[in-house]
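Below you'll find the structure, written out as structure tokens, and then a few comments.
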Amino acid sequence: MPMISPSIPTISRRLHNGRLLLTPEDPMAAIPGQSLSGQLLDAGLIATAAPGNGMRFASGKRLFEYIGFTGCAVQFGSALDQTGRLAIEIEGPLDAPVLRYGRNSRPPRCAQCQRPLPTWREQIEQTNSGDERLLHCLGCGAEAPGWSWNWGRHGGFGRLFVNLEPVFPGEGRPLPALLTLLAQVELGPWRYFYVQD
Ligand SMILES: [Zn+2]
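In our numbering, the protein residues as written are 7 to 203.
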């Protein structure tokens, strides 16, 4: 019987299994993507984009000052769009706040009564694609835009995102230096969460 390495298949499967998203806490906040990418490039979070790659970047030289990785063996390199390599994408600004969520997302909590909303997926899917994304609390009856609910680390609204993938939920965490850097963008404080498609 040949020896089977237990780690390699597991790691590669998990690496494609999630995304870390950062977005301003203010769901309306946005600046042009070029402005944000310039600041992140200067700070060494991202590297210069390859021609034709738009707003998708390889990680910069100072990545490890900004993101703390645990429990995974991410490969870093300049080649983009190869399996297993970390890519950083700037998305937006979008016309209106958009919900990013996935199979890992959990019921958001009502800002009024703190109760989780078990029917959130149905309510989101029934809502028109316009700006009126009111969610109705089954606990206290409050109706409020989706972005005023507490989504924890499992989803959230925004008009501007910095997406890092692949990052398995919880295995890549923004360090204080990154949140400080993003606060200097002058859109207020940022939050982060994880999405698994
Ligand atoms: Zn409520």
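We put the beta carbon where it would ideally sit given N, CA and C, even for glycine. Fair warning: this is a prediction, and the values are worked out from it, not measured in the lab.
For this session: Starting from the N-terminal end, write out each residue whose C-beta falls within a distance shorter than 6 Å of any non-hydrogen atom of ligand 1.
Result: Cys116, Gln118, Cys119, Arg121, Cys143, Gly145, Cys146, Ala148
For this session: Tell me where the alpha helix (DSSP H) around Thr29 begins and ends.
Result: Unbroken run through Thr29 is the beta strand (DSSP E), 25-30; no alpha helix (DSSP H).
Exercise. Would you call Glu149 buried or exposed, if buried means 16 or more other Cβ atoms sit within 10 Å of its Cβ?
Worked result: exposed
Problem set entry | Same chain only: Cβ atoms within 7 Å of Pro175, ignoring 5 sequence neighbours per side | Gly24, Asn110, Tyr200, Gln202
For this session: Identify whether Ser43 lies in helix, strand or coil by the three-state DSSP scheme.
Result: helix
For this session: Rounded to whole angstroms, what's the CA-CA distance from Phe167 to Ala35? Just pull it up for me.
Result: 10 Å
For this session: Report the partner residues of Pro122 according to the DSSP bridge assignment.
Result: Arg115
For this session: Kindly confirm or deny that the stretch 42-58 and the stretch 181-201 touch, where touching means at least three C-beta pairs closer than 8 Å.
Result: yes
Problem set entry | Trp153 beta carbon less than 8 Å from that of Pro57 | no
For this session: Find the nearest neighbour of Leu141 within the set Gly98, Gly108, Ala117, judged by alpha-carbon distance.
Result: Ala117
For this session: Assign Val147 to one of two classes, buried (16 or more other C-beta atoms within 10 Å of its C-beta) or exposed (fewer than that).
Result: Val is not the amino acid found at residue 147; the sequence shown has Gly there. By the 10 Å Cβ count, Gly147 comes out exposed.
Exercise. Buried or exposed: Arg127, going by 16 or more other Cβ atoms within 10 Å of its Cβ?
Worked result: exposed
For this session: Would you mind sorting Gly60 into buried or exposed? The rule is 16 or more other CB atoms within 10 Å of its CB.
Result: exposed
For this session: State yes or no: is the C-beta of Leu92 within less than 8 Å of the C-beta of Tyr198?
Result: no
For this session: Could you pull the start and end residues of the beta strand (DSSP E) that Phe174 belongs to?
Result: Neither: Phe174 is in no beta strand (DSSP E) and is coded neither H nor E.
Exercise. Under the DSSP definition of a beta bridge, which residues are partnered with Arg197?
Worked result: Thr29
For this session: Please name the residue or residues paired with Ala64 in a DSSP beta bridge.
Result: Ala93
Exercise. If you run the structure through DSSP and keep just helix, strand and coil, what is Ile73?
Worked result: strand
Problem set entry | Alpha carbon of Ala55 to alpha carbon of Pro103, nearest angstrom | 26 Å
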